[in-house]
Every structure is written in structure tokens, then in C-alpha cells.
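Using full-length UniProt numbering, read the sequence shown as starting at 1 and increasing by one per residue. A virtual CB, placed ideally from N, CA and C, is assigned to each residue, including glycine. This structure is a prediction, so every number in the text was calculated from the model and none was measured.
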Amino acid sequence: MATETSPSEVHKKYIDQRIARKEDRRLEFKAAVNGFDAKKTARYCAAIANSGGGEMFFGITDQIPRSVVGTSAFGDLQETERRLAEALGLKITVKVFDYEGKRVVGLAIPSRPHGTPLQLDGAYWTRTGESLVGMTPDELKAIFDEARLPYEEEEAYPPVPADDVLALLDSSVVFRLLATHAPHTPEGQLEEFQRLGLVKESSLSGEWIVLKLGALIAARDLLDFGLQGHKLRIITYGGTGRLDAISDRFYDSGYADSLPRTVELLTSILPNHEDFSQARREEVPTYPVIALRELIANAVVHQDFHRTAGGNYPTVEVFKDRVEISNGGTPLIDIKKFVTQNAQRNRIMSDVMRRIGLAENRGSGVDRSLAAFEEIQGAAPEFITESHMTRVILRGSQSWEQMGPDDRQWAAYMHCCLKWANGEHMTNSSLRARFGLSSGKTQAISNLIAELVRLNVIIIDPSGPSGNKGRRYIPHP
Numbered sequence: 001m002a003t004e005t006s007p008s009e010v011h012k013k014y015i016d017q018r019i020a021r022k023e024d025r026r027l028e029f030k031a032a033v034n035g036f037d038a039k040k041t042a043r044y045c046a047a048i049a050n051s052g053g054g055e056m057f058f059g060i061t062d063q064i065p066r067s068v069v070g071t072s073a074f075g076d077l078q079e080t081e082r083r084l085a086e087a088l089g090l091k092i093t094v095k096v097f098d099y100e101g102k103r104v105v106g107l108a109i110p111s112r113p114h115g116t117p118l119q120l121d122g123a124y125w126t127r128t129g130e131s132l133v134g135m136t137p138d139e140l141k142a143i144f145d146e147a148r149l150p151y152e153e154e155e156a157y158p159p160v161p162a163d164d165v166l167a168l169l170d171s172s173v174v175f176r177l178l179a180t181h182a183p184h185t186p187e188g189q190l191e192e193f194q195r196l197g198l199v200k201e202s203s204l205s206g207e208w209i210v211l212k213l214g215a216l217i218a219a220r221d222l223l224d225f226g227l228q229g230h231k232l233r234i235i236t237y238g239g240t241g242r243l244d245a246i247s248d249r250f251y252d253s254g255y256a257d258s259l260p261r262t263v264e265l266l267t268s269i270l271p272n273h274e275d276f277s278q279a280r281r282e283e284v285p286t287y288p289v290i291a292l293r294e295l296i297a298n299a300v301v302h303q304d305f306h307r308t309a310g311g312n313y314p315t316v317e318v319f320k321d322r323v324e325i326s327n328g329g330t331p332l333i334d335i336k337k338f339v340t341q342n343a344q345r346n347r348i349m350s351d352v353m354r355r356i357g358l359a360e361n362r363g364s365g366v367d368r369s370l371a372a373f374e375e376i377q378g379a380a381p382e383f384i385t386e387s388h389m390t391r392v393i394l395r396g397s398q399s400w401e402q403m404g405p406d407d408r409q410w411a412a413y414m415h416c417c418l419k420w421a422n423g424e425h426m427t428n429s430s431l432r433a434r435f436g437l438s439s440g441k442t443q444a445i446s447n448l449i450a451e452l453v454r455l456n457v458i459i460i461d462p463s464g465p466s467g468n469k470g471r472r473y474i475p476h477p
């Protein structure tokens, strides 16, 4: 029988992993047995945020070999978070760890806003060696120049040797997705990563720089790069509302690892239904796997990485009657045009995810998802724009009788868009087949089509046959 891991064991493992790493601009240790100056803490947080985000631990000596000594600093965690947020304008998470009975306090510090250095007490703080100093003009210029670079090409970590890069990035999962053998040397592996745009070699030191794209795709832990706000998240609920949460899981790793694991988990917990369409009973997924994979990949690719407020987690929520997939950032095009038009927010990331098999060709992910739901004659995915995010609602395999009028209209409109995107046209018979209806439902389908024409969301194809027989329909331009 498996034994359950205690919270203290989890804490110890986490701290041991941090202690084993070298201290740098994004990782700081302080013994602080009897406390630590609040003003200096804020300056360290500013310096770490200016370096791209990271962590700071109290109750651990900074000299190697490090020792866990415990600390009495920051007795009121919520007040500490409030004061740091007030001083820096960042949401810094303060957490207490139990390490063999000793109290350790950890601060998780996000990156400063894109293209904007963080100022505190009249200085743009950074770390040089053991000292807090003001940033140099060149360092400030590099941050201001970020606005001219695609997000994926920004540096996520200072230059380090090849072995250190491979301690931060999981090369094995990337080469597995590429279906190729990894080169035998660390340098050879990183040269392949450089071709993918995940890392670049430093021209000054000969060391390697992890780019934001490399971290997002292959990080062993996104927190190492200050990108914890982009972890994939799965929440399951016991009912149809958000009050009864059963579990809330984050995947720490980059998307090459976390996206397939997310889809695998969903297929294990989502229900099947009985299908009799092939003259024999068959258990089929209520939510097509291909649709889950494509729409989650879509949520990952279309995040607004420049938006730092409100939490950007690409999130999958599993309810008793539906699945919702959301991402930070509003769409670049009208949600009604998702099938007929295409706009890329993170083109470089999309291309790399396609190359390693995590996403489809540009624009085809939504099409494939719609087609998958049409195959099971289910409700079409519903796309919703909110103030700072995009949400997709999946209701699984619903029959014509189970759908309300709005669901039928949306499914019919999406069918029309999908036909048009594939160089075909919607007809009464194609829409009947989409809903799995017999010819006895011809009039009901005609009424539905007439309502969509009245609402001006579809039009009669002007190049099609005249008269009612064989009439074709296309989306409204």
C-alpha cells in the first residue's frame, strides 16, 4: 500500500532542491534567525523582480555548505504580502516551510512588467555579487529594449554553463516529442535547442542563455524563471458551480511536459457515454480527446504574456456538466470569426509547439475541435470573451433534444463556418447529419436555418443554385 507524503516531507524536499542550487540574481538566502529589515527585504524583492523574478528564503545561511537555522522573521504573512505589494506593485507570495521542525520563510517574486524596470527608493535595484546596487545604463537599456523584442525571444535567465542549463530545462521531453535521439554532449543538445529558438549562446562568455520560449516549453520548474503565473492549472468540482472544489492542481513544468500530462489526466477523469451508432454498443469519450488537446494548446499559445495582473494561468475547470478552458488575454479577433479568420498573438511559440507536435498548423486547432464534436453530434464549443481573458465552454455529447435554442443556433453557425473553412457549404441535409437527425426533421432544420438568416449571422450563398432545393449557406461576411 502506498504511503501518503506528509506536508513536512514535501517542504523538506522542496527546500533541499533550492539549497542544492547556486545563489544568483534570482535566488537569495538569508539566515535572519531573529528577523530581517523590512526595507531591505523590499529592495531584494525589487532586485530579483528586475532580474526576471525568483525566490528569497529566510532561515537558511547563504554560505556554502548551507544550513537550515530557522527564522522568526515575518510573523504576519498577510501583512508582509500587503506591504510588499504596496511598495512594489507586485503580488509576492510569502509562505512558511517546516524543515525538520525549523521555520523557513520563502518569498516567490514575479518578474517586473515587460519592458519596465522596477524602481524603489529612487533606484533600480539589482544584485552584483553579495551587494544590492543600482542598475547600470546598459542593464536599463536592455529592459527598455524588450518592447522591441517578441516576448518569446527575451532572456529568461542569466548566462550559465551548458550543464546548468540542462539542470533547468528538461531536454529529454523535447527530444522525445521530436522523435529523435538527443545528442550525446550538453553542448550538442543546446545547439539543437538554439535551432528551435529555446536558448542562445552568449557571444561574450561562451555560456548559454535560456530564452522565455525555452523556459515556457522545457522548464523543469517555471518558478526558476519567474514564470509561475503561466503554469497549467486543473480544477475539478463536485457539482455545476465553483463552490465545491475537489482538487486544484498546478503543473510546475513547461508545456512540453505539462500539456500532455494535462490531457492524460483529463481523459482519466472525464466520463464516457454509450454510442449505438455503429449497430453495437461502444464506450466513447463524452469530450473528444483531440478537442481537449487542441483547445488547451490554443489556450497556452494565445496567452497575453505581457499582462501581469489578475493571474494568467491557462486553466482547465472540470464541472459535473461541462469543461471550461481559459487563458489570460482577450482574443485578437471576434470570437465568431475563430474558424474563418486567424490571428497569432505568440507566433514564434505557436510555430515551435507545432514543430514538436503540441499544436496543429496555424488556425486548424479550433477547426479540428469543432469537427470532433460534430462527429459525436455534441454541442459546439462556446467561446466567451471576458474583461481580461478568453474562455471556451465544452458541454460534451448532447443530443438535439438536450440542446436549448441558443445551443442549436450556435452549433449550426459553427457548422456553417467549418464547412466554409473546408471549401464546402452548409445545406439542410448537412446540418441534419451534423445533429444526427433523420429526414423527418427537415422542417425543424429549415426553421433553424431561417432563424440564423433572420439574425444575419449566415446568408444564402449567392453563387449556389436558385430555389429552395439544394440551397447553400455561408457565414455572413
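- A distance below 8 angstroms separates the beta carbons of Ala31 and Ile60.
- Per the Cβ contact rule, the stretch 430-441 is not in contact with the stretch 383-398 (fewer than 3 Cβ pairs under 8 angstroms).
- Residue nearest to Met426 within the set Arg355, Met403 and Ala450 is Ala450 (criterion: CA-CA distance).
- Closest option to Asp37, judged by alpha-carbon separation, among Arg66, Ile376, Glu283 and Thr80: Thr80.
- Setting aside the 5 residues that flank it on each side, Asp170 is surrounded in the same chain by Ala218, Ala219, Arg220, Ser253, Gly254, Ala256 and Asp257, each with a C-beta closer than 8 angstroms to its C-beta; the list follows chain order.
- Short of 7 angstroms from the beta carbon of Tyr413, and not among the five residues preceding or following it, lie these beta carbons of its own chain, in chain order: Leu452, Val457 and Ile458.
- Inter-residue distance for Gly89 and Arg112 is about 9 angstroms (C-alpha atoms, whole angstroms).
- Shown here for Arg293: same chain residues with a beta carbon closer than 7 angstroms to its own, the five before and five after excluded, namely Val263 in chain order.
- Beta-bridge annotation (DSSP): Pro475 is paired with Ile458.
- Exclusion of the five residues before and after Met353 leaves Ile217, Tyr255, Ala297, Val300, Val301 and Ala359 as the residues of its chain whose Cβ lies within less than 8 angstroms of its Cβ.
- A straight-line Cα-Cα distance of about 9 angstroms links Ile109 and Gly52.
- Taken through DSSP and simplified to helix, strand or coil, Gly122 comes out as coil.
- When the five nearest sequence neighbours on each side are left out, the beta carbons in the same chain lying within less than 8 angstroms of the beta carbon of Leu448 are those of Arg408, Gln409, Ala412 and Leu431, in order along the chain.
- Non-local beta-carbon contacts of Gly134 in its own chain, meaning distances under 8 angstroms to residues more than five positions away in sequence, involve Ala123, Tyr124, Trp125 and Thr126 in chain order.
- In the DSSP assignment, the residues bridged to Phe57 are Phe29 and Gly106.
- Ile19 has no beta-bridge partner at all, per DSSP.
- Distances from the alpha-carbon of Ile143 to those of Gln443, Leu118, Glu130 and Arg347 put Leu118 closest.
- Between Leu198 and Leu177, the gap from beta carbon to beta carbon reaches 8 angstroms or more.
- In this structure, DSSP gives Pro285 an extended state, which the three-state scheme calls strand.
- In this structure Ser350 is buried. Its beta-carbon is surrounded by 16 or more other beta-carbon atoms within 10 angstroms.
- When the five nearest sequence neighbours on each side are left out, the beta carbons in the same chain lying within less than 6 angstroms of the beta carbon of Ser247 are those of Thr236, in order along the chain.
- Across the structure, Asn34 and Pro159 are spaced so that their CA atoms are roughly 35 angstroms apart.
- By the beta-carbon neighbour count (other beta carbons within 10 angstroms, threshold 16), Arg82 is exposed.
- Non-local C-beta neighbours of Pro285 in its own chain, meaning closer than 6 angstroms and more than five positions away in sequence, comprise Asn272, ordered along the chain.
- Take the alpha-carbon of Leu166 and the one of Ile393: they are about 38 angstroms apart.
- Selection Gln189, Leu196, Tyr313 and Lys13 evaluated against Asp98 yields Lys13 as nearest (Cα-Cα).
- For Pro465, the number of other beta carbons within 10 angstroms of its own is below 16, and it is reported as exposed.
- Taking C-beta atoms as the reference points, Tyr44 and Glu28 count as a pair closer than 8 angstroms.
- In its own chain, leaving out the 5 sequence neighbours on each side, no residue places its CB closer than 8 angstroms to the CB of Thr128.
- Secondary structure note for Trp208: it is in no alpha helix (DSSP H), and the uninterrupted beta strand (DSSP E) holding it is Trp208 to Val210.
- DSSP assignment within the stretch 123-169 yields the following whole beta strand (DSSP E) runs of 3 residues or more, N-terminal first: 125-128 and 131-134.
- Burial is judged here by how many other beta carbons sit within 10 angstroms of a residue's own beta carbon; Asp367 has at least 16 and is buried.
- Nearest in C-alpha terms to Arg103, of all of Phe193, Ser131, His11 and Glu191, is His11.
- Classified as exposed, Ile384 has fewer than 16 neighbouring CB atoms from the shown chains inside 10 Å of its CB.
- The stretch 312-320 makes no contact with the stretch 147-163: fewer than 3 CB pairs, one atom from each, lie closer than 8 angstroms.
- According to the DSSP secondary-structure assignment, Ile325 is paired through a beta bridge with Val316 and Val392.
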